[in-house]
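Below: the structure, in structure tokens.
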Amino acid sequence: MAFCDYIYSRMNTLLPSSVDDGRIDWAIALINKIVTAGAARKEFKLDWRKVANISPAGLAILACIFDTVVEQRARIKNVFIPKRFKGIPVVKNIQRTFPSLPSPSINNYESKDMLFKGNTSLDVLFRERLEEKFSDILPEELVYDVHLILNELMQNTVDHSTAERYYIYCGAWKNEFHAGLLDMGISIPAKMEQSYSCKDDLDYLKLALKEGTTTRRARTGGLGLAYFFEHLKRHEGKLTIVSRFAQIRRYFRTRRSQINILKHPLRGTWCFARFPLGEGE
Amino acid sequence: MKRIVLKKEFKDDHITRAAGERLRHAILAITNAGDKIEIDFDGLKIASTSFLDEGFAKLADEGWTFDKLASFVTLKNIYPMDKEILDDLFSRRASRSSKKRR
Chain U
1 MAFCDYIYSR MNTLLPSSVD DGRIDWAIAL INKIVTAGAA RKEFKLDWRK
51 VANISPAGLA ILACIFDTVV EQRARIKNVF IPKRFKGIPV VKNIQRTFPS
101 LPSPSINNYE SKDMLFKGNT SLDVLFRERL EEKFSDILPE ELVYDVHLIL
151 NELMQNTVDH STAERYYIYC GAWKNEFHAG LLDMGISIPA KMEQSYSCKD
201 DLDYLKLALK EGTTTRRART GGLGLAYFFE HLKRHEGKLT IVSRFAQIRR
251 YFRTRRSQIN ILKHPLRGTW CFARFPLGEG E
Chain A
1001 MKRIVLKKEF KDDHITRAAG ERLRHAILAI TNAGDKIEID FDGLKIASTS
1051 FLDEGFAKLA DEGWTFDKLA SFVTLKNIYP MDKEILDDLF SRRASRSSKK
1101 RR
């Protein structure tokens, strides 16, 4: 790589053609760059020239980057950004300057096909809105299972992550229904280390997904994450969980898994679920 | 028979373990006094393993059986998928509890 290209790539991030939960390495690398950059070097560019679309999960990823930018007093400039994205709140806000973290609702977004919200506590209304918006186009069982998964994720974040905010999304996207929750709080491995001892972050994450595992001292449970696997299996969905250095992708239709240690740590937990939709849904 | 309308008394939280625990304590307070209780879901979809586990399934940890649950607690207007999950969670805990007792 030429030296000038190297310098360009250090301070500039070329976004992929689809900002979604498929490729997230660029986002985690950027967050780490922002956190570790010295005070004098906290200016970054997001290069949008290749971006064709932003999925509901993509909005949540951008919101996590936004939080990091504000907390680290960094600055982001969007370059080569297509006009159709400029009106999306998180895209606009990511290059504004804030003296402190604003309410997470500043990045809320709703369109015909998606719902995206930032919250600081449990959001009962999100489920109601999901039902109002999508119950005409989704099978009843799928709506229920999405509720179940999001409730579990919300509760885990509020109870365990110590994050002061989280981002929740759902929406119809390219013949699938996507739902998930992202937070930048204490990661699953960091939480699990308090009660268990494992070889690496992958082992911590695998253990967290097993039935019976709990880090609660009061109101022990240990069913939530394991239980919603069964619901994803039922719909032959896909699940991606990323936390600290661990990433697990489960594809229930093909019964394949992809597990790997990340090059850069995620300072939080991101959960993405996808459900295939049949024709006419 | 005492009555709890979930939509009214748990409208702000029918998701968390804390809320489920409150419900279970209410059930136990009434049934330990020898009374029965009706829990009216009134069309509310719970869709929370945590709430159903803490609220109902953990009664199995206290020695409750399905028969006792059916006998002392009437579940009115419960959404069928919530009932499926509740039964499954209760059955898992009941099975674990009976293994521990052996």
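As given, the protein sequences belong to chains U and A, one line each in that order. Here the numbering used here is used: the first residue of the first sequence is 1, the next is one more, and so on. Here the numbering used here is used: the first residue of the second sequence is 1001, the next is one more, and so on. Note that beta-carbon positions come from the ideal geometry of N, C-alpha and C, so glycine has one too. Just so we're clear, the structure is a prediction, and the values are computed from it rather than from any experiment.
Do residue j and residue i have their beta-carbon atoms positioned less than 7 Å apart in this structure?
{"i": "residue 327/U", "j": "residue 183/U", "result": "No statement about residue 327/U is possible, as the shown extent of chain U runs from 1 to 281 and does not include it."}
{"i": "residue 1006/A", "j": "residue 1051/A", "result": "no"}
{"i": "residue 56/U", "j": "residue 171/U", "result": "yes"}
{"i": "residue 43/U", "j": "residue 75/U", "result": "yes"}
{"i": "residue 161/U", "j": "residue 180/U", "result": "no"}
{"i": "residue 1027/A", "j": "residue 1015/A", "result": "no"}
{"i": "residue 1029/A", "j": "residue 151/U", "result": "no"}
{"i": "residue 130/U", "j": "residue 78/U", "result": "no"}
{"i": "residue 63/U", "j": "residue 107/U", "result": "yes"}
Which residue or residues does DSSP assign as beta-bridge partners of residue i?
{"i": "residue 178/U", "result": "171/U, 274/U"}
{"i": "residue 247/U", "result": "242/U, 260/U"}
{"i": "residue 1004/A", "result": "1039/A"}
{"i": "residue 114/U", "result": "171/U"}
Tell me whether residue i is buried or exposed, calling it buried when 16 or more other Cβ atoms sit within 10 Å of its Cβ.
{"i": "residue 1063/A", "result": "exposed"}
{"i": "residue 114/U", "result": "buried"}
{"i": "residue 1024/A", "result": "buried"}
{"i": "residue 49/U", "result": "exposed"}
{"i": "residue 51/U", "result": "buried"}
{"i": "residue 253/U", "result": "exposed"}
{"i": "residue 1001/A", "result": "exposed"}
{"i": "residue 280/U", "result": "With a pLDDT of only 45 at residue 280/U, under 50, the local geometry of the prediction cannot be trusted, and no value is derived from it."}
{"i": "residue 69/U", "result": "buried"}
{"i": "residue 265/U", "result": "buried"}
{"i": "residue 11/U", "result": "exposed"}
{"i": "residue 1104/A", "result": "Because chain A here runs from 1001 to 1102, residue 1104/A falls outside it and cannot be looked at."}
{"i": "residue 1084/A", "result": "exposed"}
Who are the Cβ neighbours of residue i in its own chain at under 7 Å, not counting the five residues just before and after it?
{"i": "residue 283/U", "result": "Since the displayed chain U opens at 1 and closes at 281, residue 283/U lies outside it and no answer follows."}
{"i": "residue 275/U", "result": "142, 176, 177, 235, 237"}
{"i": "residue 36/U", "result": "none"}
Go through its chain and collect everything with a Cβ distance to residue i's Cβ below 6 Å, but skip five positions before and after it.
{"i": "residue 110/U", "result": "none"}
{"i": "residue 287/U", "result": "The question about residue 287/U has no answer here: the residues shown for chain U are numbered 1 through 281."}
{"i": "residue 1061/A", "result": "1093, 1097"}
Note down, in chain order, each residue of its chain lying with its Cβ closer than 8 Å to the Cβ of residue i, except the 5 sequence neighbours on either side.
{"i": "residue 105/U", "result": "117, 118, 119"}
{"i": "residue 29/U", "result": "13, 263, 264"}
{"i": "residue 26/U", "result": "13, 14, 15, 16"}
* Asked: Is there contact here, the region 250 to 265 of chain U with the region 80 to 100 of chain U, by at least three beta-carbon pairs under 8 Å?
  -> no
* Should the region 91 to 101 of chain U be called in touch with the region 116 to 133 of chain U, which here means at least 3 C-beta pairs below 8 Å? -> no
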